[in-house]
Amino acid sequence: EILPVPERLGVIGATGHGSLVHTAAFVENMIRNREAEPQPANFIYSVHNAASTQVALSLQARGYNLTITHDHNCFEQALQAAARRLSAGCEDRLLVLGADEYQPVMYAAQKRFGFWRRRRGKALFPGEGAAAMWLGPATPDRPLVADVQWDVAAVLGSPAEEAARLTRALEAVQLTWTQVSQVLVGLSPADEFTPAVFSEWRTATGRSLTPYLEHTGFFPTASATALVLGAVQAEADSGKKKNNQDRNAVLLYNRSQVETRSWVILKI
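Here the working numbering = 1-based position in the sequence shown + 75.
What follows is the structure, given as structure tokens:
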């Protein structure tokens, strides 16, 4: 595919914690050497927006460049930002990416505070990954990001209320549950909320749910990996032309550990 001119090509990155490996190496070196000989390379790659800048250099993209760091909903916020830029005609194409890496020091700290503890015999496990999506003007032959929402909810609704919320979101973009081929749910298997959600939602929606954190592991931008894999699978299923003609959407629901929720509706 021919990309637009560099000035019309942008990059929006999302990361929960940034380049932890380089940051930890930079800080450790400063402490061990009493700030005598900090390593320049570790500092350069630990700074905010380093990853998006490197991607832009590789693509020769001279348009909008931004990294959003906002814990567990940053990828959804990056999608929102990209959609606004495109609808305003600011760029022709935007690469939206989510990336986070595993870092032993953070894992140890989170474990000490009970983040990885088991409940009901289940537990989260740490992960890392990166995934990206090209976004451009809507065309009939491309998947469409129909809706992206996120909010901070100190008290989340009951499973039935959350299912009703998603039903209204689908109706707002002229979809029903029967048209959704995949429901990707980012809930911890150790969360007390999870069993009730799965039971209630199966009844309310008639759709099976995929708990993607059990496959990706837990990291702030796991939703990016799940959405890309879900879109690829949905496109493959729609191409088989069996009974999938009417199931042409993917819904991703993410409830993070910091009591925020988000969803993405992708039309295939």
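For each residue, glycine too, the CB sits at the ideal point set by N, CA and C.
Put simply, the region 177-188 does not touch the region 269-287. Fewer than three CB pairs are less than 8 Å apart.
In the displayed model, residue 127 falls within a helix according to three-state DSSP. Runs of alpha helix (DSSP H) with 4 or more residues, each lying fully within the region 156-207, are found at 179-187, listed in chain order. One Cα belongs to residue 291, the other to residue 239, and the distance between them is close to 27 Å. Excluding its 5 nearest sequence neighbours in each direction, residue 303 has C-beta neighbours in its own chain below 7 Å: 206, 208, listed in chain order.
Residue 106 is classed as exposed because its beta carbon has fewer than 16 other beta carbons within 10 Å across all chains shown. Of 293, 294, 253, the smallest CA-CA separation from residue 326 is found for 253. In the DSSP secondary-structure assignment, residue 329 is bridged to 261, 337. Beta-bridge partners assigned by DSSP to residue 143: 89. When C-alpha distances from residue 342 are compared across 298, 289, 216, the shortest belongs to 216. Within the same chain, Cβ atoms closer than 7 Å to the Cβ of residue 324 are found at 250, 254, 255, 256, 340, 341, 342, 343, the five residues on either side in sequence being excluded.
By DSSP's assignment, residue 209 forms a beta bridge with 170.
Residue nearest to residue 259 within the set 163, 156, 306 is 306 (criterion: CA-CA distance). Beta-bridge annotation (DSSP): residue 225 is paired with 337. Taking the CA atoms as reference points, residue 309 sits about 21 Å from residue 262. For residue 284, the enclosing beta strand (DSSP E) begins and ends at 284-286.
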